[in-house]
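Encoded as structure tokens, the structure appears first; notes follow it.
Shown next, in the form of structure tokens:
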């Protein structure tokens, strides 16, 4: 494992207190990412791939002229090459995560199917890949987020009397409990130490406050689980993930929070149709 003493020592402090950070994800990619070893870069890539997931979906839906969001691991031409190779059954460039061509192939084979929530399917492929990471810290982070997201969507589905089993993604003990348990806590008390906190959070009708509480939980997980990570890639991973949270809140307002919530409900109902 590489030691990044100089890089870590030069990182600015980031606080989740509403103050703006002068650093940015783009700056991280320019100044820090090139110094990572190949193995450590693949760990950080797990964070950046979320943007690639969204951009792949945009390209599949709207073609080459699609408006793409922030660049993750790949630029437009690289993403187009990944899509084209998957469509033609050609070999991918070295290093392309296997789940991306798998998803593209699945999408092309089923794109005419109605009431498919493609974001959920992409997330299932992505989390299967990310949670299998050989870096235990990164794998733990993505397992935590998969569980949290699944629990929240399951509680929302219950609230609107929609089928829980079809909106939960992934496999494992938590996913199985969410799909099958009729208990208020899905039988997860004693298994997850944050299930009660998520239940309280789900009952909060103030949408932006709820999102802030959720990101506070994520922030705390990052801090609690990186106490003994000093100058390793895990410390850089934590910095980047915190930076993303801070940047997102700099752009966030209550109206956009309501739009995302309403969009989630619409997608749940779509998946049930």
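Residue numbers (the numbering used here): 117 to 389. Idealized CB from N, CA, C, for every residue including glycine.
Please state the DSSP three-state secondary structure of residue i.
i	result
residue 164	helix
residue 308	strand
residue 211	coil
residue 247	coil
residue 228	coil
residue 273	helix
residue 318	helix
residue 119	coil
residue 341	coil
In angstroms with no decimal places, state the Cα-to-Cα distance between residue i and residue j.
i	j	result
residue 289	residue 194	37 Å
residue 251	residue 180	35 Å
residue 330	residue 361	11 Å
residue 219	residue 232	13 Å
residue 228	residue 271	30 Å
residue 141	residue 359	7 Å
residue 209	residue 221	16 Å
residue 164	residue 281	29 Å
residue 299	residue 244	26 Å
residue 139	residue 343	22 Å
residue 311	residue 363	27 Å
residue 184	residue 306	42 Å
How close, in whole Å, do the beta carbons of residue i and residue j come, if the pair is a contact with beta carbons under 8 Å?
i	j	result
residue 273	residue 264	No, residue 273 and residue 264 are not in contact; Cβ-Cβ is about 15 Å, not under 8 Å.
residue 326	residue 314	About 10 Å separates the two Cβ atoms, so there is no contact after all.
residue 335	residue 132	5 Å
If you check the beta carbons only, do residue i and residue j fall under 8 Å apart?
i	j	result
residue 241	residue 223	no
residue 188	residue 156	no
residue 352	residue 199	no
residue 202	residue 217	yes
residue 137	residue 148	no
residue 239	residue 172	no
residue 254	residue 159	yes
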